[in-house]
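What follows is one structure encoded as structure tokens, with my remarks underneath.
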Amino acid sequence: MSEIIEVVEEYVLPRHLIWDVLIDPQMYPRLFRGVGACVQVDLVNGQPVLDFHVGTPAVGMGSLRAHLTVGRRYEEFDLQCPRSGSLVSVRIRSEGARTTVKVILLGAGRVHPFIQRQGAGAVRKWIRRGLEQVASFVWWEPTSTLSGDRGGRAPRLRPMLARHVARSRPDIVVRQWAGLLRGRFDVVADFTAAAAHAPDRVAVIDDWGTVTYGELHQRARLLAAALAERGIGSGDTVALLARNHIEALQVIGATAALGADLVLLNTGMSAEHVAGLVESTGASILFVDGELEMMARAVDPRITMCSTDGRSLFPAWPTVEAMVQSAPCGRRRRRSRTGRVTVATTGAAGSPRPVWIPRHRPIAGFEDLLSRIPLRVDDAMLLAVPLSHSWGLAAFQTAVLTRARMVFTDDFDPEDCLWLVASYRIDVLVLAPSMLRQLLELPIQVLTRYDVSCLRVVACCGGPLPSALVLRFLDVFGDILYNVYGTAESSWISIAGPRDLRVSPGTVGRPPTGTEVAIIGPDARPVPVGAVGRIMVRNRMMLDGYDESARHLLDTGDVGYVDVAGRLFVAGPAADSVVTSGKRVLIRPVEEVLESLPQIDAAAVLGVPDRDRGQRLVAFVVRAPDSAPDAESVRDYVRARLGSLSVPQDVHFRDTLPRSEIGTVLKHLLVDSDGAVSRQDDPVPQWSR
Numbered sequence: 001m002s003e004i005i006e007v008v009e010e011y012v013l014p015r016h017l018i019w020d021v022l023i024d025p026q027m028y029p030r031l032f033r034g035v036g037a038c039v040q041v042d043l044v045n046g047q048p049v050l051d052f053h054v055g056t057p058a059v060g061m062g063s064l065r066a067h068l069t070v071g072r073r074y075e076e077f078d079l080q081c082p083r084s085g086s087l088v089s090v091r092i093r094s095e096g097a098r099t100t101v102k103v104i105l106l107g108a109g110r111v112h113p114f115i116q117r118q119g120a121g122a123v124r125k126w127i128r129r130g131l132e133q134v135a136s137f138v139w140w141e142p143t144s145t146l147s148g149d150r151g152g153r154a155p156r157l158r159p160m161l162a163r164h165v166a167r168s169r170p171d172i173v174v175r176q177w178a179g180l181l182r183g184r185f186d187v188v189a190d191f192t193a194a195a196a197h198a199p200d201r202v203a204v205i206d207d208w209g210t211v212t213y214g215e216l217h218q219r220a221r222l223l224a225a226a227l228a229e230r231g232i233g234s235g236d237t238v239a240l241l242a243r244n245h246i247e248a249l250q251v252i253g254a255t256a257a258l259g260a261d262l263v264l265l266n267t268g269m270s271a272e273h274v275a276g277l278v279e280s281t282g283a284s285i286l287f288v289d290g291e292l293e294m295m296a297r298a299v300d301p302r303i304t305m306c307s308t309d310g311r312s313l314f315p316a317w318p319t320v321e322a323m324v325q326s327a328p329c330g331r332r333r334r335r336s337r338t339g340r341v342t343v344a345t346t347g348a349a350g351s352p353r354p355v356w357i358p359r360h361r362p363i364a365g366f367e368d369l370l371s372r373i374p375l376r377v378d379d380a381m382l383l384a385v386p387l388s389h390s391w392g393l394a395a396f397q398t399a400v401l402t403r404a405r406m407v408f409t410d411d412f413d414p415e416d417c418l419w420l421v422a423s424y425r426i427d428v429l430v431l432a433p434s435m436l437r438q439l440l441e442l443p444i445q446v447l448t449r450y451d452v453s454c455l456r457v458v459a460c461c462g463g464p465l466p467s468a469l470v471l472r473f474l475d476v477f478g479d480i481l482y483n484v485y486g487t488a489e490s491s492w493i494s495i496a497g498p499r500d501l502r503v504s505p506g507t508v509g510r511p512p513t514g515t516e517v518a519i520i521g522p523d524a525r526p527v528p529v530g531a532v533g534r535i536m537v538r539n540r541m542m543l544d545g546y547d548e549s550a551r552h553l554l555d556t557g558d559v560g561y562v563d564v565a566g567r568l569f570v571a572g573p574a575a576d577s578v579v580t581s582g583k584r585v586l587i588r589p590v591e592e593v594l595e596s597l598p599q600i601d602a603a604a605v606l607g608v609p610d611r612d613r614g615q616r617l618v619a620f621v622v623r624a625p626d627s628a629p630d631a632e633s634v635r636d637y638v639r640a641r642l643g644s645l646s647v648p649q650d651v652h653f654r655d656t657l658p659r660s661e662i663g664t665v666l667k668h669l670l671v672d673s674d675g676a677v678s679r680q681d682d683p684v685p686q687w688s689r
């Protein structure tokens, strides 16, 4: 390869706009293929030092450190790579309406072995394509749309039908074929089919015992009969406040068999929120775990209270076991409707709100998930995420559909999780980002103590995954991580598999089959590739409370962008940004930089009102054990990586951060409505870290 490669391109575009894109390090991963990430790691004499993550899994990944040196503004800058002796020199000139961009590469072959093998012609082509993306960005062409390949449904359904249709009873066969051909998932039909097809197959293992699909189906039917005796039927509402265990599944199955609606209450809510949701959803009966009864203390006393696990402080409360044992025998009446499920979403904003899942989950929606994650029939699946969370519920529905052997645990403990994986030879682990972080925080001697080679899929959803965490997980556990991005309202939106995560660890991947994503600007039109806008989605899993027809794009409430390779990136909630000194600053990058500091265990950043700046950034930091960073060192670290605009003006050190049951930081508990910082000794939910 030639030692010097030169490319000259001319555009009818303003010079300063091209300059603004090319001088911004974060635009290179967005607009140039093969650049997975670019992170500012230092400032030397006021000039940024950048780490580039380059390559692909097929040709090998590599890191490249470069010094960005700016010459005359709007005219010239260099990227110097001291280790390889390579240099990229960019010169921009304008004459009238035309702007000429000259790119000179010195020692390009030393950047990556793959480049050396490609030759100068391929390098020139790569540069020109990148510059074309820059021009498209400047022209503001509406190119940020993604669509999973829809394809035909029959080829994907055929193997599923062959495995799932019971062969013993003609009536069950007819009902299940009818449901599947209509494209519907139904807990009752699938429990029934599983019980008829493989009654002795283990369905669930929890901390208290084991149940087969046949037993689970029978006990759910008996509980339904007992509830019917108490006047619960089609159109009524049943509430459930419980952790993951067999009795909770019996309540779910019984409610579905009756055609009643089910409300899954979040175990991290306050007693007032529990009472409010029970009242607003019209529930007439509440099932609750013994250890969670205090959360139900504010519920209207006219509501019928039942104990799921028999560990109630109130002996008069009927238990699931007692109701099953005393259930009347006889033929069950056919339900007149299919009930729906309500989950409560809280996020970090405050009061929970109910979101209704459609009465009929489309089979195609689960096929969409399988188009990105290699799940198999009869997998052993450890569900560490609560069923009351939309991700946990979706994982449970997928497990039932694939006849998985589900393993539950009352509380998540990282070492116990590894023990369960090794003991039950778990194929699929379903967890949330905070749980994944806790796994990686275990000492290396603990991580290597258990044989987890059986793991084929680790599916993570429920919050952002920092890039450093992703890369460490891949290095420790191998290429088995799948980062799922979704919302309670639209289920899964995109999925990043190991190949994409190796290249761009910050990505949430690509939309699965049947999902459309668009990044929308203030004018309600798609923005260019690389530009940040609101993430809009349309798929077959949208929830009832938002867009039942699914004909329109749903606003996820998040902002993000699409890169040139068709990968989606989430910058954070649209509300999770501040305008300080007249410029908008996204909060998530600041949090990720803080959490990359070894002396910091966890961090949360938010904006509060400021008389001079409009808003200012405030950071809440949990120090790592045996570490004592001060506020100034924290600010210096952020300044060196993101610049002065992203530096938190205030840094508060806390012992814990308030979190939801899946580890989402509850930022509304850190400040009051006026932006004043809450006291350290303010009460926080049980799920704090």
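Here the sequence shown is numbered in my numbering, starting from 1 and rising by one per residue.
C-beta: ideal position from N, C-alpha, C; glycine also.
Computed from a predicted structure; not experimentally measured.
Leaving out the 5 sequence neighbours to the left and right, which residues in its chain are closer than 6 Å to residue i when beta-carbon positions are compared?
{"i": "R372", "result": "I495, P512"}
{"i": "A222", "result": "It is worth fixing the name first, because residue 222 is Leu in this sequence and not Ala. Excluding sequence neighbours, L222 sits near V324, A327."}
{"i": "V647", "result": "R635, V638, R639"}
{"i": "V559", "result": "V532, R534, A571, A574"}
{"i": "L479", "result": "Position check: residue 479 holds Asp in this sequence, whereas Leu was assumed. These residues qualify, in order along the chain: P498."}
{"i": "V529", "result": "T143, S144, V562, V564"}
{"i": "H629", "result": "Rather than His, the amino acid found at residue 629 in this sequence is Pro. Q599."}
Taking only three categories from DSSP, how would you classify residue i?
{"i": "Q438", "result": "helix"}
{"i": "L375", "result": "coil"}
{"i": "M753", "result": "Not covered by the structure: residue 753. The range shown for the chain is 1 to 689."}
{"i": "D720", "result": "As displayed, the chain neither begins before 1 nor continues past 689, which places residue 720 out of reach and without an answer."}
{"i": "Q133", "result": "helix"}
{"i": "F287", "result": "strand"}
{"i": "V299", "result": "coil"}
{"i": "D610", "result": "strand"}
{"i": "G62", "result": "strand"}
{"i": "C38", "result": "strand"}
{"i": "A271", "result": "helix"}
{"i": "R33", "result": "coil"}
{"i": "I600", "result": "strand"}
{"i": "A624", "result": "coil"}
{"i": "E141", "result": "coil"}
{"i": "D261", "result": "strand"}
{"i": "Y11", "result": "strand"}
{"i": "R449", "result": "coil"}
{"i": "T656", "result": "coil"}
With a threshold of 8 Å on Cβ separation, who are the neighbours of residue i within its own chain once the five nearest residues in sequence on each side are excluded?
{"i": "M61", "result": "G36, H53, V54, G55, R502, V503"}
{"i": "A275", "result": "A296, A298, V299, D300"}
{"i": "T507", "result": "N483, A496, D500, L501, D563, R567, L568, F569"}
{"i": "S280", "result": "P354"}
{"i": "S690", "result": "There is no way to answer for residue 690, as the model of the chain reaches only from 1 to 689."}
Leaving aside the five residues before and after residue i along the sequence, list all residues of the same chain whose C-beta is less than 7 Å from its C-beta, in chain order.
{"i": "R110", "result": "S84, G85, S86"}
{"i": "R128", "result": "V7, E9"}
{"i": "W19", "result": "Y74, I92"}
{"i": "L17", "result": "V138"}
{"i": "I5", "result": "L105, A108, A120, V123, R124"}
{"i": "A66", "result": "L50, F52, L79, Q80, C81"}
Please list the terminal residues of the continuous beta strand (DSSP E) segment that includes residue i.
{"i": "M381", "result": "380 to 383"}
{"i": "E76", "result": "76 to 81"}
{"i": "V457", "result": "457 to 460"}
{"i": "T398", "result": "Taken as a continuous stretch (DSSP letters only), T398 belongs to no beta strand (DSSP E), being part of the alpha helix (DSSP H) at 390 to 401."}
{"i": "I661", "result": "It should be noted that the sequence gives Glu, not Ile, for residue 661. Taken as a continuous stretch (DSSP letters only), E661 belongs to no beta strand (DSSP E), as it is neither H nor E."}
Tell me where the alpha helix (DSSP H) around residue i begins and ends.
{"i": "H16", "result": "15 to 22"}
{"i": "L670", "result": "Where L670 is concerned, there is no enclosing alpha helix (DSSP H), given that its DSSP letter is neither H nor E."}
{"i": "S646", "result": "First-last for S646: undefined, no H or E at that position."}
{"i": "R641", "result": "631 to 642"}
{"i": "T255", "result": "246 to 258"}
{"i": "Y424", "result": "414 to 424"}
For residue i, which option in the options has the closest C-alpha, if you only look at C-alpha atoms?
{"i": "I519", "options": "V562, S490, L481", "result": "V562"}
{"i": "V39", "options": "L642, G71, P658, A344", "result": "L642"}
{"i": "I104", "options": "V123, Q116, V41", "result": "V123"}
{"i": "L258", "options": "L481, L277, L227", "result": "L227"}
{"i": "S89", "options": "H16, D368, D78, E95", "result": "D78"}
{"i": "I600", "options": "L68, G607, L146, A619", "result": "A619"}
Please go through the segment 496 to 573 and give each complete alpha helix (DSSP H) segment of 4 or more residues, from N-terminal end onward.
498 to 503
Could you name each continuous beta strand (DSSP E) segment of 3 residues or more that falls completely within the segment 463 to 491, going from the start of the chain to the end?
481 to 487
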